[in-house]
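Take 1 as the starting number for the sequence shown in UniProt numbering and just add one per residue.
Ideal Cβ placement from N, Cα and C applies to all residues, glycine included.
Quick caveat, the model's predicted, so the values are computed rather than measured.
Here the structure is laid out as structure tokens; the discussion comes afterwards.
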Amino acid sequence: MNNIKIGLLGLGTVGTGVYKLIGMRSDIMEKTIGAQIEVKRILVHNINKKREGIDPALLTDNWREIVEDEEIQIVVEVMGGMEPAKTVIMEALRAGKNVVSANKDLIAEEGRELLDTAQEEGRDFLFEAAVAGGIPIIRPLKQCLAGNDIDTVMGIVNGTTNYILTKMFEDGMDFEDALKKAQELGYAEADPTADIEGLDAARKVAIMASIAFHSRVVFSDVYTQGITKITARDIAYAKEFDSVIKLLGVAKNTEDGIEAGVYPMMLHKDHPLASVRDSFNAVFIHGDAVDDAMFYGRGAGEMPTASAVVGDVIDVARDLQHGCTGRISCTCYKELPVKAWGEVKNAFFIRMQVRNQPGVLAAIAKVFGEHKVSIARVVQEHTNPDAAELVIVTEKVKEKYMENALDKLKSMDSIYEISSVIREYV
Ligand code: NAP
Ligand code: HSE
């Protein structure tokens, strides 16, 4: 029987899961693929670290031993980061190897070059695990939904932040404790700033938008705001409004350009995304033929992510068996503009501390009116003789008008603090 040998770059959370899962499925490989998949070498950073269940003879800290090994046909990159990951992937492709990667940081910025190189070399470059962990989303977009004109891709695409927001909302846990737990569970990136500041989700939105709209969207095109400023007070208001707060990634293909952003949003509890809890992710898609479609599952962690990586490895192995690698490469054949963020329309929840005296509310309403911001509702519940907490929810307005209105409000003596500005899903 044919043995397909792979080189694994990285043996952390995901790499360990991939190694285990390949072992768990070894008995069915012959029947489903017609070949056995074998991990031949594993690249790690610290060669001396003790690794339970791993033959030390498999380990190397020199990536050239994998790229230059003629027996290795598939390189699986689960080391993360930009370099040396990019160099190793490029060298592997140029050496005629097929590559599977979970590295959204790299793909969201250098995806075009990697895919073009794979195409030139007639090799597969697959990255299902790069978006939403275990949820199949790249392959559905590139293949199953290829007959659609897709105008919207949105969802919860970061497990760490969804876990943190769920724990804060349901258990009253504080932010730091919830983040620590998410790190222990293997959901967070090596630097969790990427999760909590929305950067990880923005990379996933860039990748999904590029594939869905057939036009390259890179990380820097995505407006990004994280969850670090969400307070227990905001959560209390969300509950009062029968809503939850979720970090959403939103990409739309509109007549005047692509809109792409990641930000916390108040979402009514009846919305299907409101019930996506813990490290689960979900992605909504709207296409002209399929109408609405939603994908749900675990967005992070050892085995869910390994599920996506091993699925890709099996796909490559099948292509190798049939001599057809490099079939599906870059699908960005358009060059659509990305809309300036100020032109995008959103509704806003604004919580502020104001002087408690007649005329203050009227002055605030005047500022909004002068900046083309229409108010949907006003709540004032917590007052003392000196200060009142005022919550204003607006209709949809261009981001640039809201920014100008907030700048003006911040300069007013009667406004002590703008405590929160959160977008609201309408
Ligand atoms: P991780 O736990 O930090 O593991 C990284 C692994 O790569 C470690 O084994 C490390 O070696 C090795 N490594 C890192 N830099 C290296 C270098 N320069 N040379 C040699 N080896 C190096 O990371 P992870 O959570 O598994 O994530 C891996 C990738 O999957 C990232 O791109 C991440 O964004 C992506 N991803 C992760 C998840 C998740 O839930 N964790 C989900 C989807 C995608 P040592 O063991 O010696 O330190
Ligand atoms: N850190 C990422 C998350 C891993 O929390 O979703 C999956 O990409």
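For residue i, the three-state DSSP class (helix, strand or coil)
i	result
residue 103	coil
residue 357	coil
residue 412	coil
residue 239	helix
residue 179	helix
residue 372	coil
residue 61	coil
residue 257	strand
residue 18	helix
residue 396	coil
residue 417	strand
residue 321	helix
residue 96	coil
residue 269	coil
residue 127	coil
residue 146	coil
residue 119	helix
residue 329	coil
residue 264	strand
residue 384	coil
residue 401	helix
residue 244	strand
residue 363	helix
residue 7	strand
residue 442	Nothing about residue 442 can be reported from this structure: the residues present for the chain run from 1 to 426 only.
residue 13	helix
residue 185	coil
residue 406	helix
residue 340	coil
residue 109	helix
residue 196	helix
residue 252	strand
residue 391	strand
residue 190	coil
residue 132	coil
residue 91	helix
residue 78	coil
residue 334	strand
residue 377	strand
residue 345	strand
residue 314	helix
C-alpha gap between residue i and residue j, whole angstroms
i	j	result
residue 384	residue 366	24 Å
residue 363	residue 234	24 Å
residue 22	residue 75	14 Å
residue 136	residue 309	10 Å
residue 62	residue 42	10 Å
residue 257	residue 347	20 Å
residue 95	residue 107	20 Å
residue 432	residue 178	With the chain running from 1 to 426 in the structure shown, residue 432 is simply not present.
residue 320	residue 397	52 Å
residue 131	residue 39	24 Å
residue 116	residue 237	48 Å
residue 288	residue 145	10 Å
residue 60	residue 283	38 Å
residue 295	residue 260	19 Å
residue 100	residue 139	13 Å
residue 368	residue 166	33 Å
residue 118	residue 312	15 Å
residue 356	residue 230	25 Å
residue 69	residue 4	13 Å
residue 134	residue 306	7 Å
residue 354	residue 386	9 Å
residue 208	residue 163	22 Å
residue 112	residue 418	41 Å
residue 452	residue 352	The chain is shown from 1 up to 426; residue 452 falls before or after that span and cannot be answered.
residue 33	residue 27	11 Å
residue 200	residue 404	28 Å
residue 148	residue 19	36 Å
Near ligand 4: residue i beta-carbon under 8 Å from a heavy atom
i	result
residue 92	Summarising the ligand content, the structure contains ligand 1 and ligand 2 and does not contain ligand 4.
Query raised in the report: Below 8 Å, can you find three or more Cβ-Cβ pairs linking the stretch 257 to 272 to the stretch 114 to 126?
Result: Between the stretch 257 to 272 and the stretch 114 to 126, the count of Cβ pairs shorter than 8 Å is below three; the stretches do not touch.
Query raised in the report: Counting pairs of beta carbons, one from the stretch 368 to 379 and one from the stretch 319 to 334, are three or more of them closer than 8 Å?
Result: Not touching, per the Cβ criterion.
Query raised in the report: Taking the runs of the beta strand (DSSP E) that are 3 residues or longer, which of them lie wholly in the stretch 272 to 310?
Result: Along the length of the stretch 272 to 310, whole beta strand (DSSP E) runs at least 3 residues long occupy 280 to 287 and 291 to 298, reported in chain order.
Requested in this report: For the stretch 82 to 100 and the stretch 171 to 190, state whether three or more C-beta atom pairs, one from each stretch, are separated by less than 8 Å.
Outcome: By the Cβ criterion, the stretch 82 to 100 is not in contact with the stretch 171 to 190, since fewer than three pairs of Cβ atoms, one from each stretch, lie closer than 8 Å.
**Report entry** Start-end ranges of the beta strand (DSSP E) lying completely within the stretch 22 to 75, minimum 3 residues
**Finding:** Positions of the beta strand (DSSP E) runs, each at least 3 residues long and wholly inside the stretch 22 to 75, are given as 35 to 43 in order along the chain.
Query raised in the report: Are three or more beta carbon pairs between the stretch 189 to 204 and the stretch 219 to 236 nearer than 8 Å?
Result: Yes: at least three Cβ pairs fall under 8 Å.
Report task. Would you mind listing the alpha helix (DSSP H) stretches within the stretch 149 to 178 that are 4+ residues and don't spill past its ends, in chain order? Result -> Along the length of the stretch 149 to 178, whole alpha helix (DSSP H) runs at least 4 residues long occupy 159 to 171, reported in chain order.
Requested in this report: Could you say if the stretch 212 to 223 and the stretch 164 to 175 meet the contact criterion of at least three C-beta pairs nearer than 8 Å?
Outcome: Contact between the stretch 212 to 223 and the stretch 164 to 175 is absent, because fewer than three Cβ pairs lie under 8 Å.
**Report entry** Any heavy atom of ligand 2 nearer than 6 Å to the CB - residues listed
**Finding:** So the residues near ligand 2 by this Cβ test are 133, 158, 159, 160, 187, 188, 189, 195, 200, 299 and 300.
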